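Visitor: Letter 77 of the sequence shown, counting from 1, is numbered 57 in this note's numbering, and no numbers are missing.
Mind having a look at this structure? Questions to follow.
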Amino acid sequence: MSHWQQLTEFVVRLPHRAGELARLTAQLRAAKVEILSYYGPTEGRSADGFHIIPADAEQFREFAAKIGLGTWEESCFHITGAYRGGDLVGTLDAISQEGINIQFVNAFESGGQMGILIWVDDADVDRLTKLLSVV
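Here's what the structure looks like:
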């Protein structure tokens, strides 16, 4: 694993109307809020909603407060580096060897670089932080 950071994911509920996601995206762009990941809606996790992982959590909090956007937050981990076959398997194996439960994972490779987003149980956040600090 080349680099990792703990990030904050914000989950937002939007009205079920055409154009709401486009409107929010335009507002984010106008406010110069850099988004690392943006997906949804998802079911079966903490709640249905759109998930947004900003580069700067405090900037996103200020943006959300300014426009009256209700959110809730979760910690997640972002691991990046040069792609080498088996990185995902090695990462997941190291986490499982520590007995850490993964709630959700999103992994991707592009242009020789890999990225992994990992969510764990709240009780395991400190343990994963410690593991990633020594790997």
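C-beta atoms are modelled at their ideal positions from N, C-alpha and C, and glycine is treated no differently.
Computed from a predicted structure; not experimentally measured.
Can you check the stretch 13 to 73 for any beta strand (DSSP E) of at least 3 residues that lies completely inside it and give the ranges in chain order?
Guide: 15 to 22, 29 to 34, 51 to 62
Visitor: Taking the straight line between their C-alpha atoms, what separation do you get for D102 and H58?
Guide: 16 Å
Visitor: By a C-beta neighbour count over all protein chains shown, 10 Å radius and 16 as the cutoff for buried, is H31 buried or exposed?
Guide: Looking at its Cβ environment, which holds 16 or more other Cβ atoms inside 10 Å, H31 is buried.
Visitor: Quick one: is the Cβ of I80 within less than 7 Å of any heavy atom of the ligand SAH?
Guide: Looking at this structure, you won't find the ligand SAH or any other ligand, since it has none at all.
Visitor: If you drop the 5 nearest sequence neighbours on each side, which residues of the same chain put their C-beta closer than 6 Å to that of T(-12)?
Guide: A37, E53
Visitor: Does the separation of the CB atoms of L8 and L(-6) fall below 8 Å?
Guide: Not in contact: L8 and L(-6) (Cβ atoms no closer than 8 Å).
Visitor: What does the alpha-carbon distance come out to for the pair I96 and I80?
Guide: 16 Å
Visitor: Pick out whichever of F43, K110, A35, V(-9) has its Cα sitting closest to the Cα of A11.
Guide: When only C-alpha atoms are compared, the closest one is F43.
Visitor: For W99, collect the residues of the same chain with a Cβ closer than 6 Å to its Cβ; drop the 5 residues on either side in sequence, then sort them by chain order.
Guide: C56, Q83, F84
Visitor: Indicate the three-state DSSP secondary structure (helix, strand or coil) for A(-2) in the structure shown.
Guide: The answer is coil: DSSP assigns A(-2) none of H, G, I, E or B.
Visitor: For a test of the three-state rule: what should DSSP assign to I80, helix, strand or coil?
Guide: It is coil, neither helix nor strand.
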